[in-house]
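Here the protein sequences line up with chains A and B, keeping their order.
All residue numbers for the first sequence refer to our numbering, where the first residue is 19 and numbers rise by one.
All residue numbers for the second sequence refer to our numbering, where the first residue is 741 and numbers rise by one.
Just so you know, even glycine gets a beta-carbon here, dropped at the ideal spot from N, CA and C.
Bear in mind the structure is a predicted one, so any value in this text is a computation, not a measurement.
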Amino acid sequence: MADLANLHLTEDEVRKFQADLDEILVHFDRLNEVDTSQFDAMAQVLYEAEETATLRADHPRPGLGSELALANAPVAGSGYFKVPEVIKH
Amino acid sequence: MEIAAFTIDRIRDGLRTRQFSAVELATAALEFAHAENPKTNAYLTFSEERALATARRVDEQLARGEDPGSLGGIPIAVKDVIVTKGVRTTCGSKLLANYVPPYDATAVERLEAAGGVIIGKTNCDEFAMGSSNENSAFGPVRNPHALDRVPGGSSGGSAAAVAQGTAIVALGSDTGGSIRQPASFCGVVGVTPTYGRVSRYGLTAFASSLDHIGPFGRTVRDAAAVLSAIAGRDPLDSTSADAPVPDYLTHLDGKVKGLKLGLPREYLRDLTSETGDLIAKAIDKLKKLGCEVRDISLPATDYAIACYYVIATAEASSNLARYDGVRYTFRTASSESLSDMYRKTRGEGFGAECKRRIMLGTYVLSAGYYDAYYLKAQKVRALIARDFTNAFAEVDAMVAPVSPFPAFKIGEKIDDPMAMYLSDIYTITGDLAGIPCMSVPCGKTAEGLPVGLQILAKHFDEARMFRLADAFERAGGAQN
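This is the structure:
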């Protein structure tokens, strides 16, 4: 699961989380006691309007600009975010 | 200046009659907050420059005889999951320890447009995940009423700042009780508005179908004034509701006689005796005010914790995927490949609770488990929401406890995540249903620990919720 979530864990963390997650997932299994055959999944919290009601007019607005957008990057250069080499020659 | 005793009205009066200037008030509030912070660790960052710039603007407006706005000159603290342009916003995480946002959240813009003076950013559980504020990478917040106890979470810093009086009001965020529970533990008023009432543009996303921004205050009136200033449609948040925002202050008229209040019986079973006694006394006070109290049932409550933690962790695992070492300040010192960089950055950057929730969320969304957990939880959520709709056909509002117990000791529950999750039982249902709810102080235990009474109302019915809370407060609700 940690692999799927892109999380590097230590051995100690693996042991601790295994016990925690087991206990929590057992609690989650309670949901199976509920008859939900009459219910649709609640994907929207409050929504009684037309689908387009929340769209705003498509007027362009100035963006942040690359200098500001990159200001928090751990490594940036030449107007780009920099990451470790992805494809080896 | 007795800042700790000030209300918004007192400050407006003081500014209008030139007893003090907004700059003097902001300076005094900042000095007070600096002096108090070693005790509670409520603030992570102070925004002196920005506070004084706004205060100067307010003073100039006052000098010209203009109205500086409904929050003109009011010292305000903002939870550190809400972005502030040019002021560090950490989300309580090592990953964002040096993050300086390039824009303001809409709620922050609206506070300042109303003249509010933002003095600092408050400590919180990492990415708002927690019920005790112990999950902050910058150390726990201590409860101003008992320094060895938690202030509640995740908006513990905002609640503590208002309780100690360094801020008059504050913004927090609530996904499963993160405003109401710390408000209850710290003896202040905390409000979770209707889902969509306040724009989340600039609120760092935790669980998008459950996240709310809401105010803290020492009085119902102060909290209501802040909500009036920040609520309303925002084109930058498509989930913000296009519904008219009343001036909540005009509804604080004490007219609660004949109001029908529901008391959900599922919420009274597992209280500590002191919390139970204080809630019973609060209900007596409401009856004396002329409210009709009747028993109601919310039968799906037993499944609320499981439902909430499936949905919240699923959405969190998706929302936190962006912290991968590319855009947001923190990256592991050494990595061999891109995926190694992702994994190490996240492994080193996230604290234990975030990791736990990311893994739970990844699990419930993964192929083969999606239907059994995530889809099932969304259906149970519809059932929980229907419980409320049915109950509100019979009553105008509900009253309930906020938490089964008052503030606990720092360290007491941190090693037992399941016990911590179970303590959210009375607050998560309101978030799941999307209804407005709040905590208002209803007395203290023998040890002096505050307890909050929760009021829950119909969608967009904050006005009635505030009217009831205000009448309760004025009738001495906070006294035992």
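In chain order, what residues of the same chain have a beta carbon less than 6 Å from the beta carbon of Asn1220 (chain B), not counting five sequence neighbours either side?
-> The answer, listed in chain order, is Gly1183.
If you count every other CB in all the chains shown that lies within 10 Å of the CB of Arg790 (chain B), and 16 or more means buried, which is it?
-> Result: buried.
Under 8 Å between C-beta atoms, does Val93 (chain A) make it to chain B?
-> Yes, its Cβ sits closer than 8 Å to a Cβ of chain B.
Per DSSP, cross-strand counterpart(s) of Gln1194 (chain B) = DSSP output for Gln1194 (chain B) lists B:Ala1140, B:Ser1179 as bridge partner(s).
Would you decide whether Asn863 (chain B) is buried or exposed? Buried here means 16 or more other CB atoms lie within 10 Å of its CB.
-> That one is buried.
Starting from Ser1058 (chain B), trace the alpha helix (DSSP H) both ways and give me its first and last residue.
-> Unbroken alpha helix (DSSP H) run through Ser1058 (chain B): 1044 to 1059.
When we look at the beta-carbon of Tyr1110 (chain B) and count the other beta-carbons within 10 Å, is it buried (16 or more) or exposed?
-> Looking at its Cβ environment, which holds fewer than 16 other Cβ atoms inside 10 Å, Tyr1110 (chain B) is exposed.
Identify each residue in the region 51 to 62 of chain A for which the Cβ-Cβ distance to at least one residue of chain B is less than 7 Å, and report them in chain order.
-> Answer in chain order: Val52, Thr54, Phe57, Asp58, Ala59, Met60, Ala61.
Same chain, Cβ closer than 7 Å to Phe1132 (chain B), neighbours up to 5 away in sequence not counted = Lys1198, listed in sequence order.
Who are the Cβ neighbours of Ala963 (chain B) in its own chain at under 6 Å, not counting the five residues just before and after it?
-> Same-chain partners within the cutoff: Val929, Val931, Pro955, Gly957.
For Ser913 (chain B), does the three-state DSSP call read helix, strand or coil?
-> In the structure shown, Ser913 (chain B) adopts extended strand secondary structure according to DSSP, grouped into three states.
Option in B:Gln801, B:His774, B:Thr780, B:Leu999 with minimal Cα separation from Ala762 (chain B) | It is B:Gln801.
Listed by chain order, chain A residues near Arg1071 (chain B) by CB distance under 8 Å | Close to Arg1071 (chain B), with beta-carbon spacing below 8 Å, are these residues of chain A in chain order: Pro92, Val93.
What residue ranges within the region 913 to 968 of chain B form continuous beta strand (DSSP E) runs of no fewer than 3 residues, ordered along the chain?
-> The DSSP assignment places 929 to 932, 952 to 957 as complete runs of the beta strand (DSSP E) inside the region 913 to 968 of chain B, in order along the chain (cut-off: 3 residues).
Tell me, please, whether the CB atom of Asp40 (chain A) is closer than 8 Å to any CB atom in chain B?
-> Output row for Asp40 (chain A): interface = no.
List the residues of chain B whose Cβ lies closer than 7 Å to the Cβ of Arg74 (chain A), in chain order.
-> The contacting residues are Pro975.
Which bits of chain A does Met1158 (chain B) rub up against, with CB to CB less than 8 Å?
-> Within chain A, the residues near Met1158 (chain B) are Asp38, Glu41, Ile42, His45.
In its own chain, which residues sit with a C-beta less than 8 Å from the C-beta of Phe867 (chain B), not counting the 5 before and 5 after it?
-> Excluding sequence neighbours, Phe867 (chain B) sits near Val821, Cys831, Gly832, Ser833, Thr944, Phe946, Ala1056, Leu1060, Cys1094.
When burial is assigned at 16 or more other CB atoms within 10 Å of the CB, is His885 (chain B) buried or exposed?
-> Around the C-beta of His885 (chain B), 16 or more other C-beta atoms lie within 10 Å, and the residue is accordingly described as buried.
Looking only at C-alpha atoms, which of B:Pro1039, B:Ala1173, B:Ser895 sits nearest to Ala61 (chain A)?
-> Checked all of B:Pro1039, B:Ala1173, B:Ser895; the closest Cα to Ala61 (chain A) is B:Ala1173.
Using DSSP with H/G/I as helix, E/B as strand and the rest coil, what is Pro1157 (chain B)?
-> Residue state, collapsed to three classes: helix.
How would you list, in chain order, the residues of chain B whose beta-carbon sits under 7 Å from the beta-carbon of Glu80 (chain A)?
-> The identity of residue 80 (chain A) in the sequence shown is Pro, whereas the question assumes Glu. The contacting residues do not exist; Pro80 (chain A) stays about 12 Å from chain B at best.
Can the beta-carbon of Leu22 (chain A) be found closer than 8 Å to that of Ser1106 (chain B)?
-> A distance below 8 Å separates the beta carbons of Leu22 (chain A) and Ser1106 (chain B).
Short-range partners of chain B found in the region 20 to 32 of chain A, where Cβ spacing is below 9 Å = Under the 9 Å Cβ criterion, the region 20 to 32 of chain A contributes Ala20, Asp21, Leu22, Ala23, Asn24, Leu25, His26, Leu27, Thr28, Glu31.
Find the residues of chain A that neighbour His1199 (chain B), judging by a C-beta separation of less than 8 Å, and give them in chain order.
-> Chain-ordered, the chain A residues with CB closer than 8 Å to the CB of His1199 (chain B) read Leu64.
Coarse secondary structure for Val821 (chain B), derived from DSSP in three states = Val821 (chain B): coil per DSSP, three-state reduction.
Where Ile1098 (chain B) meets chain A, residues with beta-carbon distance less than 7 Å = Per Cβ cutoff of 7 Å: Ala23, Leu25.
Rounded to a whole number of angstroms, what is the C-alpha to C-alpha distance between Asp807 (chain B) and Leu1038 (chain B)?
-> Distance between the alpha carbons of Asp807 (chain B) and Leu1038 (chain B) is about 46 Å.
Taking three-plus beta-carbon pairs below 8 Å as touching, is the region 1132 to 1144 of chain B in contact with the region 994 to 1004 of chain B?
-> Taking 8 Å as the limit for Cβ pairs, the verdict is that the region 994 to 1004 of chain B does touch the region 1132 to 1144 of chain B.
Neighbourhood of Phe1070 (chain B) by C-beta, 6 Å cutoff - its chain only, sequence neighbours within 5 removed = When the five nearest sequence neighbours on each side are left out, the beta carbons in the same chain lying within less than 6 Å of the beta carbon of Phe1070 (chain B) are those of Leu835, Gly1089, in order along the chain.
Beta-carbon separation (whole angstroms), Phe57 (chain A) vs Ala1122 (chain B), contact threshold 8 Å | Between Ala1122 (chain B) and Phe57 (chain A) the Cβ distance is about 4 Å, and since that is below 8 Å, they are a contact.
Spell out whether any CB of chain A is found under 8 Å from the CB atom of Asp865 (chain B).
-> With respect to chain A, the C-beta atom of Asp865 (chain B) has no partner C-beta closer than 8 Å.
Check whether the Cβ of Pro955 (chain B) lies closer than 8 Å to any Cβ atom in chain A.
-> Answer no: the Cβ-Cβ gap between Pro955 (chain B) and chain A never drops below 8 Å.
Hey, how far is the Cα of Ala877 (chain B) from the Cα of Gly994 (chain B)?
-> Each residue's Cα considered, the two are about 43 Å apart.
Contact set for Tyr1063 (chain B): own chain, Cβ-Cβ below 7 Å, skip 5 residues either direction = Counting only Cβ-Cβ distances below 7 Å, and skipping sequence neighbours, we find Leu835, Arg1086, Gly1089.
With DSSP as the reference, label Tyr1114 (chain B) as helix, strand or coil.
-> Here Tyr1114 (chain B) sits in helix by DSSP.
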